[in-house]
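Trainee: Chains as they are written, first to last, in this note's numbering: chain A, 1 to 219; chain B, 220 to 438; chain C, 439 to 657; chain D, 658 to 876.
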DNA sequence: CATGAATGAGGTTTCATTCAT
DNA sequence: GATGAATGAAACCTCATTCAT
């Protein structure tokens, strides 16, 4: 049991994280351009000048926010897959998607997808960072699981890249869409059945044998 | 040798549409705050001041862009449903969704959902306009079709509000997310199978009897 | 009896006067900088471009307004003095001042002194025009009458330049000051006694013999 | 060889007064609309942006200028009357007017009446502020003294509101009008006799018994 | 002649960034 | 390190002036 560092010291080390948290809130709320350094500083409880001691510019802060908030969750997803390679692919896939959904439900992260999507055009380097470090890695994760399932005959034959996007779409969409509903709208609270229905539909489709029971809804 | 003086043109009638088109492009590309009136003017082939002859302010232009670009498609969707009430609900639903997808594929409209979602927080009045005039109306459209299908026994019992969101999610998601992929990424081109797979999965789920039996009693 | 000119013709000739009247109203109301050519044009019932057919620029219009509105009254004042050189100087002076007061009471001219005073600093040429053509000439008028009165022993000896300013001050002041009172303020209507009291005080002072009855209010 | 970088100075305490002084100069010189924030900043020795740290807008600065420059003199006038209630009303009145004249002679304040009068129409709230806090209070001051004099029989019966305006008119008029004279005009320098003559005339009129007899019964 | 749509210089205002304290 | 006053580039917006119709 060591003596705790004096408060000032602790502060100094906690600063970057506090700044990133504050910046994420403000950026997610207003977007990059409309976010003011003043607001971020104030929400972090420091003065405007201090932000520039830790981050060279507004853009650098923005990059740091995205990198900091998003990569750890990819890493932990990769670890989960790593640790569960023996598992039933259907169970693993369901777990991965639920984990994903829980991350997006975190009120601190909720705004991030919208933010990244909105600013990708203005920050090509950010977009490519995100693409390489998040999209590609996450997609690889899902595709690996899907391919494993197909190869072992658990899943029906399909294009894993397409199925990957279809698996993720309802989760991301709802997260980005939610803010458009007025606070009063009951749909703002996403019903549990939303994800359940999606997962059931998605997995039952994957598990269906391709021959026996095609659902030809026309004719 | 300067560029020859651009000939002044009087195009009172055509200007609003030209300005809206230019503004939509720039807003969708940069977002509201980062879009410069100068850029919009230049893209419309007019000078900065001219924009203000037609729209009182940047915000007013923004509102006009959204209202102009989005409402007509809702109207035409409503007309389609009106005209097809006799139709098989499954066919009608598929048509509605394909129509939706085609609208989102229009390169001029592609950026709109992203734009609206990104700016909803900064423009509450815009968000509520959009909610009332687009979301509620579109949702009603889908829910009516779904309820009709359920009541006639074509669709399995389900929560139409949930299914409505699940039907739309992959379309919107892809449209919004596409830009995050680098131009080189092959996935930027959405394979036809993406929507087909979604529609098949979605409709077969809807048509499936809840117990597992095929739902052939629609006669 | 000639046939009256066709309306369009009449208009064309009346235009400059109509424009000057409209411009005077707007300039007097807002000041030079805050007056908009659009407002002036609208009040004159023409389009903005038309104003520039008659006056080269806003400044030129401003100069014309002042010259047009102010010089005729000086001329008529000079004529009055010319015609009344035989008159009792006290009566003539009173008449001149009342005439002056009536001019200032004209709602169309009311705003002019304030306007000129406010803009003199921004338009040195206007100021010197006004000085030469109005101030000097009006002052000369009054001073001549005063000197004539002094020389004939009707008025007590005094500095006519000083007395001239004192004679005019209450008239001008009230005219400029009036607008500061809220429309509800009863003092906005200047009581008849205001000018009467001033004239009585002023003339009785002038007529008082310098020796006999000095009013030593101290001691 | 560029001008050496002007050293940044932090003068939070002194700035508001410096800015108000600079703004008063520029506003008085050009009027509200023609005054440029840049000019004001430069005259105060700061950059454009700094002005906005202290005053929210040009209008707010304008209001502050007027309030700051004018109210203290009213307060000190009220204090003088308070302290001199025992005094001979004639002496007190003369003192008040001389004090007034001295304030108007301050080169920093000289331009203020002209400014206020010129802009009253464009800033109704300013006009009513000025009316309530300056005109009404100053008028009350004079009227009280006048009424006291009338009641004690020192002054002849008269309408104090009218006399108040007549007392003040030559002072204000000269102050506002002075700038219309070209710098060369000898009358730009106001002779001492101007105010003296006015005060003598005004007070002797007030002290005169209405019938013509000297008013010596103040004992 | 008259119009009014179009222009663009110029002003106010914002805010990321710097730097004296 | 931390602060926040100061800076100035850049954006929105206005409006005198021009010119195609």
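Glycine residues also receive a C-beta, built at the ideal position from the N, C-alpha and C atoms. In this text the structure is predicted, and so the values were computed from the model without any measurement.
Using a beta-carbon distance below 8 Å, is residue 342/B in contact with chain A?
Mentor: No, residue 342/B does not count as interfacial toward chain A.
Trainee: Short of 8 Å Cβ to Cβ, which residues in the stretch 588-622 of chain C face chain D?
Mentor: Under the 8 Å Cβ criterion, the stretch 588-622 of chain C contributes 596, 597, 599, 600, 601, 603, 604, 606, 607, 608, 610, 611, 612, 614, 615, 617, 618, 619 and 620.
Trainee: Output, in chain order, the set of chain D residues within a Cβ distance shorter than 9 Å of residue 629/C.
Mentor: Result: 816, 818 and 819.
Trainee: Interface residues of chain C around residue 726/D at Cβ under 8 Å?
Mentor: By Cβ distance, chain C contributes nothing, its closest Cβ being about 16 Å from residue 726/D, past 8 Å.
Trainee: Quick one: list the residues of chain B neighbouring residue 128/A, beta-carbon separation under 9 Å, in chain order.
Mentor: 401, listed in chain order.
Trainee: Determine the chain C residues that contact residue 757/D at a beta-carbon separation under 7 Å, and present them in chain order.
Mentor: Under the 7 Å cutoff, chain C gives no residues; its nearest Cβ is about 13 Å from residue 757/D.
Trainee: Given a cut-off of 8 Å, decide if residue 90/A and residue 156/A are closer than it, judged by their beta-carbon atoms.
Mentor: Not a contact, by the Cβ cut-off of 8 Å.
Trainee: Give me the subset of the stretch 572-584 of chain C whose CB atoms are less than 7 Å from a CB atom of chain D, sorted by chain position.
Mentor: Here the close residues are 573.
Trainee: Going by the C-beta, is residue 486/C closer than 7 Å to any heavy atom of the ligand PLP?
Mentor: The ligand PLP is not part of this structure, which contains no ligands at all.
Trainee: Does the contact criterion of 3 or more C-beta pairs under 8 Å hold for the stretch 697-710 of chain D versus the stretch 734-751 of chain D?
Mentor: Cβ pair count under 8 Å is below three, so no.
Trainee: Hey, is the stretch 377-397 of chain B in contact with the stretch 186-206 of chain A, meaning 3+ C-beta pairs nearer than 8 Å?
Mentor: Contact between the stretch 377-397 of chain B and the stretch 186-206 of chain A is present, because at least three Cβ pairs lie under 8 Å.
Trainee: For residue 406/B and residue 342/B, what's the separation of their Cα atoms in angstroms?
Mentor: Computed Cα separation, rounded: 33 Å.
Trainee: Rank 230/B, 320/B and 336/B by C-alpha distance to the C-alpha of residue 110/A and give the top, closest one.
Mentor: Nearest C-alpha to residue 110/A: 336/B.
Trainee: For residue 249/B, which three-state DSSP category applies?
Mentor: Three-state result, residue 249/B: helix.
Trainee: Spell out whether any CB of chain B is found under 8 Å from the CB atom of residue 50/A.
Mentor: So, not an interface residue.
Trainee: Whole angstroms is fine: what's the gap from residue 817/D's alpha carbon to residue 710/D's?
Mentor: Answer to the nearest angstrom: the Cα atoms are 46 Å apart.
Trainee: Hey, residue 553/C and residue 465/C are a contact pair by Cβ (cut 8 Å); roughly how many whole angstroms apart?
Mentor: Yes, they are in contact, since the Cβ atoms of residue 553/C and residue 465/C sit about 6 Å apart, within 8 Å.
Trainee: Rounding to the nearest angstrom, what Cα-Cα distance links residue 232/B and residue 350/B in this structure?
Mentor: So the two alpha carbons sit approximately 30 Å from each other.
Trainee: For residue 102/A and residue 239/B, what's the separation of their Cα atoms in angstroms?
Mentor: About 40 Å.
Trainee: With DSSP run on the structure shown, which of helix, strand or coil describes residue 359/B?
Mentor: It is helical.
Trainee: Is there a C-beta anywhere in chain B that falls below 8 Å from the one on residue 198/A?
Mentor: Answer yes: the Cβ-Cβ gap between residue 198/A and chain B drops below 8 Å somewhere.
Trainee: Which residues, in chain order, does the stretch 458-485 of chain C contribute to contact with chain D at a C-beta distance below 7 Å?
Mentor: Answer in chain order: 467, 468, 469, 471 and 472.
Trainee: Using the Cβ count rule (16 or more neighbours within 10 Å means buried), how would you classify residue 2/A?
Mentor: Reliability fails at residue 2/A, whose pLDDT of 49 lies under 50, so the model's placement of it is uncertain and no value is given.
Trainee: Could you name each continuous alpha helix (DSSP H) segment of 4 residues or more that falls completely within the stretch 518-563 of chain C, going from the start of the chain to the end?
Mentor: Runs found: 527-543 and 550-557.
Trainee: Would you list, in chain order, the members of the stretch 104-122 of chain A that have their beta-carbon closer than 9 Å to a beta-carbon of chain B?
Mentor: So the list reads 111, 113, 114, 115, 116, 117, 118, 119, 120, 121 and 122, given in the order they occur along the chain.
Trainee: In angstroms with no decimal places, state the Cα-to-Cα distance between residue 513/C and residue 581/C.
Mentor: Distance between the alpha carbons of residue 513/C and residue 581/C: 16 Å.
Trainee: For residue 669/D, does the three-state DSSP call read helix, strand or coil?
Mentor: Here residue 669/D sits in coil by DSSP.
Trainee: Between residue 148/A and chain B, is the shortest Cβ-Cβ distance under 8 Å, so that the two count as touching?
Mentor: No, because no Cβ of chain B sits closer than 8 Å to the Cβ of residue 148/A.
Trainee: When the distance is taken between beta carbons, is residue 60/A closer than 8 Å to residue 24/A?
Mentor: Not in contact: residue 24/A and residue 60/A (Cβ atoms no closer than 8 Å).
Trainee: For residue 356/B and residue 369/B, I'd like the C-alpha separation in whole angstroms.
Mentor: Answer to the nearest angstrom: the Cα atoms are 20 Å apart.
Trainee: I need the boundaries of the alpha helix (DSSP H) containing residue 194/A, first residue and last residue.
Mentor: Segment 192-207, the alpha helix (DSSP H) holding residue 194/A.
Trainee: Identify whether residue 812/D lies in helix, strand or coil by the three-state DSSP scheme.
Mentor: If DSSP states are grouped into helix, strand and coil, residue 812/D belongs with coil.
Trainee: So for residue 493/C, helix, strand or coil by DSSP?
Mentor: If DSSP states are grouped into helix, strand and coil, residue 493/C belongs with coil.
Trainee: Please return the same chain residues whose Cβ sits closer than 7 Å to the Cβ of residue 175/A, not counting the five positions on each side in sequence.
Mentor: So the qualifying residues of the chain are 104, 110 and 113.
Trainee: Give every residue of the same chain whose Cβ lies closer than 7 Å to the Cβ of residue 277/B, excluding the five residues on either side of it in the sequence, and list them in chain order.
Mentor: Closer than 7 Å at Cβ, skipping near neighbours: 256.
Trainee: When burial is assigned at 16 or more other CB atoms within 10 Å of the CB, is residue 485/C buried or exposed?
Mentor: When all chains shown are included, residue 485/C counts as exposed.
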